[in-house]
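Residue numbers (this note's numbering): 125 to 377. We treat Cβ as the ideally placed atom computed from N, Cα and C, and that holds for glycine.
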């Protein structure tokens, strides 16, 4: 991950076509995730930690990691569709991992966490299975944040509340993702390094439960509809290089 952006106050009028485009990406990612998660489960219901240490989701290539509240799923899908349609950028929606991990947890619980005597769930086994699957989820989210070049946080009243000026979330996963983004490595893309070298050379030549978690956006640039439209208006072609225009419009201080 190189940059983070705080997305606020957006809506899409032509939502159906954008939704379909974003949904197609989401369905593709969901299928890849489900396959990977099931690969980590051994025949006895235990989780294969060795396989977990290998690269998560090698088939998923995402330019942007999109973090959102579960209530904003439709808006997140439309935003992913807009980014694909306008810029040719691939977006990974974090709820793809949530949903697949919940399905996996249900499968494990149904098969390995029920009591023989009455068929009801065993509480201690449920705690153990939840811990393991949540660890897998945290690992998956961390890996995807690390692999994507940008993190977009969809900031709405569903995701954050304002209490005494501080912004807080009741979602532990949103808190986890935003906190992870603060500490994860931030390598500069090779093309950005080359661009800086080229520009500097040109200059030289010319001159000769309800638990609330406080979240921090220190490293995030806020983008509203005006900023996104300004970015869109500067685009002449599609692809990963379109992010360079966004970076140039909102440079790091």
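(Q) Can you give me the C-alpha to C-alpha distance between residue 219 and residue 376, rounded to a whole angstrom? (A) On the chain shown, residue 219 is found 95 positions in, with the first residue counted as 1. On the chain shown, residue 376 is found 252 positions in, with the first residue counted as 1. Approximately 29 Å between the Cα atoms of the pair.
Q. Where does residue 378 fall in DSSP's three states?
A. Nothing can be reported for residue 378: it is not among the residues displayed for the chain, which extend from 125 to 377.
Q | Anticipated Cβ contact below 8 Å, residue 146 with residue 205, distance rounded | A | Residue mapping note: residue 146 aligns to position 22 of the chain shown, counting from 1. Residue mapping note: residue 205 aligns to position 81 of the chain shown, counting from 1. Rounded to the nearest angstrom, the Cβ distance from residue 146 to residue 205 is 3 Å, consistent with a contact under 8 Å.
Q | For residue 230, the three-state DSSP class (helix, strand or coil) | A | The residue you call residue 230 lines up with position 106 of the chain shown. The answer is helix: DSSP assigns residue 230 an H, G or I state.
Q) Where does the unbroken alpha helix (DSSP H) through residue 254 begin, and where does it stop? A) Numbered from 1 along the chain shown, position 130 holds the residue referred to as residue 254. For residue 254, the uninterrupted alpha helix (DSSP H) run begins and ends at 247-271, by DSSP.
Q: Taking 8 Å as the cut-off, decide whether the C-beta atoms of residue 199 and residue 217 are in contact.
A: For the purposes of this step, residue 199 is identified with residue 75 of the chain shown, where counting begins at 1. For the purposes of this step, residue 217 is identified with residue 93 of the chain shown, where counting begins at 1. Result no, Cβ atoms of residue 199 and residue 217 do not sit closer than 8 Å.
Q) Can you tell me whether DSSP reads residue 213 as helix, strand or coil? A) Walking along the chain shown from the start, residue 213 turns up at place 89. Here residue 213 sits in coil by DSSP.
Q. Taking C-alpha atoms, which residue in 128, 194, 374, 162 lies nearest to residue 281?
A. If you number the chain shown from 1, residue 281 lands on position 157. When only C-alpha atoms are compared, the closest one is 194.
Q. Pick from 185, 196, 140, 142: whose alpha carbon is nearest that of residue 133?
A. The residue given as residue 133 occupies position 9 in the chain shown. The option with the nearest alpha carbon to residue 133 is 196.
Q: Ignore the nearest five residues each way along the sequence and tell me which others in residue 250's own chain have a CB closer than 8 Å to its CB.
A: One-based indexing of the chain shown puts residue 250 at position 126. Only 233, 237 meet the Cβ criterion.
Q: State the beta-bridge partners of residue 191 as determined by DSSP.
A: Start at 1 with the first residue of the chain shown, and residue 191 comes out as number 67. In DSSP, residue 191 forms a bridge with 277.
Q: Give the secondary structure of residue 183 by DSSP, where H, G and I count as helix, E and B as strand, and everything else as coil.
A: Start at 1 with the first residue of the chain shown, and residue 183 comes out as number 59. DSSP, read as helix, strand or coil, puts residue 183 in coil.
Q: Have a look at 360, 364, 351 and flag the residue whose alpha-carbon is nearest the alpha-carbon of residue 129.
A: Here residue 129 refers to the residue found at position 5 of the chain shown. Checked all of 360, 364, 351; the closest Cα to residue 129 is 351.
(Q) Between 141, 279, 247, 229, which has its C-alpha nearest residue 346's C-alpha? (A) Within the chain shown, the letter at position 222 stands for residue 346. Of the listed residues, the one whose Cα sits closest to residue 346 is 279.
Q) Thinking C-beta only, is residue 270 closer than 8 Å to residue 239? A) On the chain shown, residue 239 is found 115 positions in, with the first residue counted as 1. On the chain shown, residue 270 is found 146 positions in, with the first residue counted as 1. Taking 8 Å as the cut-off, the beta carbon of residue 239 is found no closer than this to the beta carbon of residue 270.
Q. Any idea what DSSP makes of residue 330, helix, strand or coil?
A. Residue mapping note: residue 330 aligns to position 206 of the chain shown, counting from 1. At residue 330 the pLDDT is 46, less than 50, meaning the model places this residue with poor confidence and gives no usable figure here.
(Q) On a Cα-Cα basis, can you pick out the residue from 228, 356, 247 that is closest to residue 212? (A) In the chain shown, counting from the first residue as 1, residue 212 sits at position 88. Checked all of 228, 356, 247; the closest Cα to residue 212 is 356.
Q) Thinking C-beta only, is residue 295 closer than 8 Å to residue 125? A) Position 1 of the chain shown, counted from the start, is the residue given in the question as residue 125. Position 171 of the chain shown, counted from the start, is the residue given in the question as residue 295. Taking the C-beta atoms as reference points, residue 295 is found no nearer than 8 Å to residue 125.
Q | Coarse secondary structure for residue 165, derived from DSSP in three states | A | Your numbering for residue 165 matches position 41 in the chain shown. Secondary structure at residue 165: strand, using DSSP grouped into helix, strand and coil.
Q: Might you give, ordered along the chain, the residues of its own chain that have their beta carbon closer than 7 Å to the beta carbon of residue 370, omitting 5 neighbours on each side?
A: Residue mapping note: residue 370 aligns to position 246 of the chain shown, counting from 1. Cβ neighbours of residue 370 within its own chain (closer than 7 Å, five residues either side excluded): 355.
Q | CB contact flag (residue 142, residue 202, <8 Å) | A | The residue given as residue 142 occupies position 18 in the chain shown. The residue given as residue 202 occupies position 78 in the chain shown. Against a cut-off of 8 Å, the Cβ pair of residue 202 and residue 142 comes out as a contact.
Q | Boundaries of the beta strand (DSSP E) in which residue 128 is found, first to last residue | A | Position 4 of the chain shown, counting from 1, holds the residue named residue 128. Its beta strand (DSSP E) spans residues 127-132.
Q) So residue 367 packs on residue 273, CB below 8 Å; how close in whole Å? A) Taking the chain shown and counting its residues from 1, the one referred to as residue 367 is at position 243. Taking the chain shown and counting its residues from 1, the one referred to as residue 273 is at position 149. The beta-carbon separation of residue 367 and residue 273, rounded to 6 Å, stays under the 8 Å limit for a contact.
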